[in-house]
Every structure is written in C-alpha cells, then in structure tokens.
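*Asks:* Residue 104 in UniProt numbering sits at position 104 of the sequence shown, and the numbers go up by one each step. Ideal Cβ placement from N, Cα and C applies to all residues, glycine included. Note that the coordinates shown come from a computational prediction; the quantities given were computed from them, not determined experimentally.
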Amino acid sequence: MKIEVLLDDLRQEFNKLDREFRLEIPKKIQAARELGDLRESGEYETIKDRQGFVKARMAFLQQRIAEISKIDLRQIPKDRVALGSTVHLIDEESGEENVYTLVFPELMDSARGWISVASPIGRSLIGKQAGDRVVMNMPSGTKAFEMMRLQTLHESLQASSDGTGSTP
C-alpha cells in the first residue's frame, strides 16, 4: 500500500487548486467585474460557481490528507481482511475465482480488482479470515463465496521488500 504516493497525489491536487483559488479565480472575477453589471454576467456566475467548487474540494482534500496521514499500519490486522489485503474468493455456485485487493477509495480500479474498503464488497470482507464463508448482497441477488486465500497488507509489504511481490 503506497500511502505516501497517495498522499503526494492528494497534496499535488490541493496545491494546484490552492493556486487557482488564490491567483487565477480572483483575476477572472476582477475581469468579469470590469465588464459591467454582474447581475447579468453569466461569466461572473460561472467563475463564482468554480470558486465554490474549488473551495469545497480543497476542504475535502485537507480532510482526506489528515485522515490518511493518521493511519498507523501497525494497527492493521495481520491475520484478517483489512486495508491492503488481497483476497481470493471462490463463488460457491459457479466455482469462479474472484481476486480483490482492498484499497482507499481514491485508488479504486475495478479493472485491476482494486475495490474500496468502503464499498459494499469491501465492507463484507473486512475482518474475515482465510477459510471463512462470505455472503454478499449483489445487484443480481445474494452470493456466497469461500475465502480460499488471504494476503494481508503486512504480507504484501514483506513480499514487496523481498522483491517477490507488489502492492497497490
């Protein structure tokens, strides 16, 4: 789990928006004011809407950066599904194998099997162990899986440092 990479990405986005909020938007607002009656200026309204969006996004990013920065990897379980775990599930009905890695919502990529810990599937897996039966409510109905294999964040980090694996 490359928490520092995620934090860097969030900080870069924040800095870009901060620059826009402090420098670019005020210039655009001033230019719109110079055009005349602000009550009839669609450009002014568009800029003010953008200003509100940027301000809200910056507040969200600050909160996420603070939350993620507080995560203590030592507190993540070493024997149960949690953030950073990769699970191998067998569909009890079809026998099909599904592999998921639980990641932060910002890293979600369903094509790679990276699912958010906050998603319905992620929440149904949290706390489970290899060998457990997992029941999930899917759009097509309830499905049951057996967890055949679990690789925790700690095992992934160890494999990554050994050069034998990778982590999202």
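#1: Residues in the same chain with beta-carbon distance under 8 Å from Ile-68, minus the five sequence neighbours each way, listed in chain order, please.
#2: Output needed for Glu-13: all residues of its chain with C-beta closer than 7 Å, excluding positions within five of it in sequence on either side, in chain order.
#3: Could you check what DSSP says for Thr-46 in three-state terms: helix, strand or coil?
#4: Roughly how many angstroms separate the alpha carbons of Glu-96 and Met-136, rounded to a whole number?
#5: Check whether the Cβ atoms of Val-117 and Leu-102 sit closer than 8 Å, and answer yes or no.
#6: Consult DSSP for Val-54 and reduce its assignment to one of helix, strand or coil.
#7: What did DSSP end up calling Gln-129 once you bin it into helix, strand or coil?
#8: With three or more C-beta pairs closer than 8 Å as the rule, is the region 15-22 touching the region 72-90?
#9: Using a Cβ-Cβ cut-off of 7 Å (strictly less than) and excluding sequence neighbours within five positions of Gly-127, which residues of its own chain qualify?
#10: Within a Cβ cutoff of 7 Å, which residues of the same chain sit near Leu-17, ignoring the five residues on either side of it in sequence?
#11: With distances taken from CA atoms, which of Tyr-100, Glu-146, Ile-121 is nearest Arg-112?
#12: Which partner residues of Arg-149 appear in the DSSP bridge assignment?
*Replies:* With the given structure in hand:
#1: For the purposes of this step, residue 68 is taken as residue 68 along the sequence shown, with counting starting at 1. Counting only residues of its own chain and dropping the five nearest sequence neighbours on each side, Ile-68 has a CB closer than 8 Å to the CB of Ile-3, Leu-6, Leu-7, Leu-10, Phe-104.
#2: Along the sequence shown, one-based indexing puts residue 13 at 13. When the five nearest sequence neighbours on each side are left out, the beta carbons in the same chain lying within less than 7 Å of the beta carbon of Glu-13 are those of Leu-61, in order along the chain.
#3: Along the sequence shown, read from residue 1 onward, the residue named residue 46 stands at position 46. Helix, per DSSP.
#4: The residue given as residue 96 occupies position 96 in the sequence shown. The residue given as residue 136 occupies position 136 in the sequence shown. Met-136 has its alpha-carbon roughly 15 Å from the corresponding atom of Glu-96.
#5: Residue numbering aside, residue 117 sits at position 117 when the sequence shown is read from its first letter. Residue numbering aside, residue 102 sits at position 102 when the sequence shown is read from its first letter. Contact flag set, yes.
#6: Reading the sequence shown from its first residue, position 54 is the one you call residue 54. The DSSP-derived three-state label of Val-54 is helix.
#7: For this step, residue 129 is matched to residue 129 along the sequence shown. Taken through DSSP and simplified to helix, strand or coil, Gln-129 comes out as coil.
#8: The count of Cβ pairs closer than 8 Å, one atom from the region 72-90 and one from the region 15-22, stays below three, leaving the stretches out of contact.
#9: Translated into positions along the sequence shown, residue 127 becomes position 127. If we look at Gly-127 and ignore the five residues flanking it on each side, its Cβ neighbours are Arg-80, Val-81.
#10: As a first step, residue 17 is located in the sequence shown; it is residue number 17 there, counting from the start. The beta carbon of Leu-17 lies closer than 7 Å to those of Val-54, Arg-57, Met-58 in the same chain, with the five residues before and after it left out.
#11: Position 112 of the sequence shown, counting from 1, holds the residue named residue 112. Comparing Cα-Cα distances from Arg-112 to each of Tyr-100, Glu-146, Ile-121, the minimum goes to Tyr-100.
#12: Taking the sequence shown and counting its residues from 1, the one referred to as residue 149 is at position 149. For Arg-149, which the question treats as bridged, DSSP gives the partners His-88.
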